[in-house]
Amino acid sequence: MINGSCCCGAIKFELINPPSMMGTCHCSRCRKVGASTLVFVKKDDFRWIQGQEFVARYEPEAPYKHSRTFCKQCGTSLGEAGSQQDSFPISANCLDADPLVRNTFHVFVASKPAWYEICDSAKQFQEYPPNG
Ligand SMILES: [Zn+2]
Ligand SMILES: [Zn+2]
Numbered sequence: 001m002i003n004g005s006c007c008c009g010a011i012k013f014e015l016i017n018p019p020s021m022m023g024t025c026h027c028s029r030c031r032k033v034g035a036s037t038l039v040f041v042k043k044d045d046f047r048w049i050q051g052q053e054f055v056a057r058y059e060p061e062a063p064y065k066h067s068r069t070f071c072k073q074c075g076t077s078l079g080e081a082g083s084q085q086d087s088f089p090i091s092a093n094c095l096d097a098d099p100l101v102r103n104t105f106h107v108f109v110a111s112k113p114a115w116y117e118i119c120d121s122a123k124q125f126q127e128y129p130p131n132g
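Our numbering applies: residue 1 is where the sequence shown begins, and numbers increase by one.
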């Protein structure tokens with residue numbers, strides 16, 4: 001079991017199984033909400049423990065399509081926590097334990113800020129990965 005929570009502790013959730021993968025998105029939108037490194041979890045592996053009433057959802061206007069959830073009280077980014085998709089990304093920042101996966105890709109490297117240095121050997125894509 002891998003637990004996650006927001007900064008103020010109002011929201012807690014757990015992952016019944018480790019995430020399938022970890023990746024980092026360097027686009028400006030993920031950067032601004034502080035959720036660049038994401039882990040991908042299966043819907044059935046994700047369970048709220050408390051504080052679902054503190055979860056706010058931001059639905060962007062087209063062409064952007066990724067909704068973003070965060071804590072109403074402290075602003076912690078939760079990724080797409082609680083999505084109805086079969087698998088969805090949650091922010092690695094809000095995990096309280098080792099998710100047992102490591103970063104395997106970087107996307108939107110073309111948008112990466114100058115101050116961020118990629119220090120792993122994971123695959124890099126200028127925008128989206130091909131066929132993805
Ligand atoms: Zn909070
Ligand atoms: Zn992004």
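Note that the Cβ used here is the ideal one computed from N, Cα and C, for glycine as well.
What span of residues does the beta strand (DSSP E) with arginine 47 cover, start to end? Where arginine 47 is concerned, the enclosing beta strand (DSSP E) stretches over 46-50.
Under 8 Å between C-beta atoms of phenylalanine 46 and leucine 95: Cβ atoms of phenylalanine 46 and leucine 95: not closer than 8 Å.
Terminal residues of the alpha helix (DSSP H) in which lysine 32 lies: In this chain, the alpha helix (DSSP H) harbouring lysine 32 covers 28-32.
What is the rounded straight-line gap between the Cα of glycine 51 and the Cα of valine 101? So the two alpha carbons sit approximately 26 Å from each other.
Beta strand (DSSP E) containing asparagine 93: first to last residue? Careful: asparagine 93 lies outside any beta strand (DSSP E) and carries neither H nor E.
Through-space distance from threonine 37 to tryptophan 48, alpha-carbon basis: Rounded to the nearest angstrom, the two C-alpha atoms are 21 Å apart.
Would you call the segment 55-64 and the segment 111-126 in contact, with 3 or more CB pairs under 8 Å? By the Cβ rule, the segment 55-64 does not count as touching the segment 111-126, because fewer than three pairs are nearer than 8 Å.
Who sits around ligand 2, taking every residue whose Cβ is closer than 5 Å to one of its heavy atoms? The filter returns Cys25, Cys27 and Cys30, in chain order.
Could you spell out where the beta strand (DSSP E) holding arginine 57 opens and where it closes? Annotation: the continuous beta strand (DSSP E) that includes arginine 57 extends over 55-58.
If glutamate 127 sits next to phenylalanine 108, beta carbons under 8 Å apart, how far is it from one beta carbon to the other, in whole angstroms? Yes, they are in contact, since the Cβ atoms of glutamate 127 and phenylalanine 108 sit about 6 Å apart, within 8 Å.
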